[in-house]
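The sequence shown begins at 4 in the working numbering and counts up by one.
Where is the CB? At the ideal position from N, CA and C, for every residue including glycine.
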Amino acid sequence: MSRRFFELHDDVQVPGRWHLDTPADTKGRELRDPDRFRQGAPVQVKGRLKIPIEEPGRPLDFTEAGVRIPVVHVKVAALFTELAPGDVQLIPVDIQGHPDQYLILVATRLIRCIDEKASRIRLWTDEDGVPEKVGHYASVRDLRIDETKAGNARVLRPEGWTGALIVAEEIKHALERLQATGVKFTPV
4 MSRRFFELHD DVQVPGRWHL DTPADTKGRE LRDPDRFRQG APVQVKGRLK
54 IPIEEPGRPL DFTEAGVRIP VVHVKVAALF TELAPGDVQL IPVDIQGHPD
104 QYLILVATRL IRCIDEKASR IRLWTDEDGV PEKVGHYASV RDLRIDETKA
154 GNARVLRPEG WTGALIVAEE IKHALERLQA TGVKFTPV
């Protein structure tokens, strides 16, 4: 039986919703290299992080802060801990004015699983003038995952295109049953 996967996005169309900024350290300084939360590997963090509110509004259960860093309410974190304990790291954060617990969701599995024949891929070339990126993905449209390469992963980042947060169908269904706010799914 084949498994289905979905890219999990922040639903920016939720009316009156909040927007979160890039995580900051305990002194309120924006973190250097916030992309580290999207690299498909565990992250080391010193001290408790804070996430400023960029635009006030209704808190969501799932939000992408700054450069698409997943931030989840504790009830969503519990779901990921239960269904995909080996695939995620959860880092507690403080959001000013919001006493509920929130955590950064880090997918800790990086898997070379993009179906390059079914996806629309453009690679960096010599003509692009960025020699260190030649041969790497410049863009991936209509992303499709080769489920045979994803193995038993339930949450992952695809190698070469780590901006995409991929979840297995069972995670999608569990988030829908939970009626988690802020989630949007695209089949991959």
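Proximity test, residue i beta-carbon vs the ligand MG heavy atom, cut-off 8 angstroms
i      : result
Thr-84 : Ligands are entirely absent from the displayed structure, and the ligand MG is therefore not among its contents.
Residue i to residue j span [Cα, whole Å]
i       : j       : result
Gly-31  : Lys-53  : 7 angstroms
Ala-44  : Glu-130 : 32 angstroms
Phe-9   : Ala-110 : 14 angstroms
Lys-49  : Leu-82  : 25 angstroms
Arg-147 : Glu-172 : 14 angstroms
Pro-161 : Tyr-105 : 25 angstroms
Ala-156 : Arg-39  : 20 angstroms
Val-17  : Val-77  : 20 angstroms
Gln-42  : Gly-163 : 9 angstroms
Asp-28  : Gln-47  : 13 angstroms
N- and C-terminal bounds of the beta strand (DSSP E) containing residue i
i       : result
Thr-66  : 65-68
Ala-141 : 140-144
Glu-58  : 56-58
Arg-123 : 123-126
Arg-71  : It is not in any beta strand (DSSP E) - Arg-71 carries neither H nor E in the DSSP assignment.
Check whether residue i and residue j have beta carbons under 9 angstroms apart
i       : j       : result
Arg-71  : Gly-166 : yes
Ala-80  : Leu-23  : no
Val-186 : Leu-178 : yes
Arg-7   : Glu-150 : yes
DSSP three-state assignment for residue i, whether helix, strand or coil
i       : result
Asp-103 : strand
Thr-184 : coil
Glu-33  : strand
Asp-118 : coil
Asp-97  : strand
Pro-134 : helix
Ala-177 : helix
Asp-14  : coil
Arg-206 : Lying before the first or after the last residue shown, residue 206 is absent from the chain, which here runs from 4 to 191.
CB-CB length for residue i against residue j, believed under 8 angstroms
i       : j       : result
Leu-159 : Asp-90  : 7 angstroms
Val-137 : Ile-117 : Contact doesn't hold; Cβ gap of about 18 angstroms is too wide.
Ser-122 : Asp-145 : 6 angstroms
Arg-115 : Ala-141 : Contact doesn't hold; Cβ gap of about 17 angstroms is too wide.
Leu-108 : Pro-134 : Actually they are not in contact, since the Cβ atoms of Leu-108 and Pro-134 sit about 34 angstroms apart, beyond 8 angstroms.
Arg-61  : Arg-20  : 5 angstroms
Delimiting residues of the alpha helix (DSSP H) encompassing residue i
i       : result
Glu-85  : 77-86
Glu-150 : 150-153
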